[in-house]
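Note that the sequence shown ends on residue 139 in my numbering; no numbers are left out.
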Amino acid sequence: MPSLVFLDSNVLVYADDTYSGQKRSAARDLIKKHVGDGTAIVSLQVLQEYYVVATRKLGLPPDQAQERVRILSEGRVVCFEARDVIAAIELHRLTRISFWDALIVHAARSAGAATLYTEDLQHEGTVAGVRIVNPFAGG
1 MPSLVFLDSN VLVYADDTYS GQKRSAARDL IKKHVGDGTA IVSLQVLQEY YVVATRKLGL
61 PPDQAQERVR ILSEGRVVCF EARDVIAAIE LHRLTRISFW DALIVHAARS AGAATLYTED
121 LQHEGTVAGV RIVNPFAGG
């Protein structure tokens with residue numbers, strides 16, 4: 001079985017950003033592959049961030065952004081409880097990454113993702129056992 005991957009909101013946003021060129025193409029390919037083979041994971045935080053950015057910054061019609069969220073919601077979605085917030089705070093304190101990034105890493109780790117696709121953390125690094133990959137990094 002292929003490894004599970006976690007998609008951060010910036011990947012989802014670039015897929016709909018008509019001004020992003022190669023990033024848009026890379027994001028679309030990544031989403032198509034992992035949603036298609038059932039290995040994609042997102043969290044409620046990612047879905048919320050995507051919707052806000054897509055409608056406010058990209059100007060995507062709300063019904064279109066909602067449909068994207070609905071499609072992604074049919075897959076694996078991490079939902080948090082208070083103990084997850086506490087774990088993310090601890091991860092933030094230990095690693096010095098932002099709290100919001102720690103929440104994403106915790107979501108990826110708790111869902112069993114081997115890889116987190118994001119441009120917000122160090123490419124090819126590892127945080128809490130999760131490999132970080134910037135899908136837009138050259139080379």
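Quick reminder that beta carbons are idealized off the backbone N, C-alpha and C, glycines included. Since this is a predicted model, take the numbers as computed values, not measurements.
- Annotation: the continuous alpha helix (DSSP H) that includes residue 12 extends over 9-16.
- DSSP places residue 43 inside the beta strand (DSSP E), whose first and last residues are 40-43.
- Collapsing the DSSP output to three states places residue 118 in coil.
- For residue 70, the enclosing alpha helix (DSSP H) has its first and last residue at 62-73.
- Its chain contains no residue whose beta carbon lies nearer than 6 Å to that of residue 52 once the 5 sequence neighbours on both sides are disregarded.
- DSSP lists 41, 116 as the bridge partner or partners of residue 6.
- Within the segment 72-113, complete beta strand (DSSP E) segments of at least 3 residues are found at 76-78, given in chain order.
- Looking at the backbone, the Cα of residue 76 and that of residue 41 are separated by about 5 Å.
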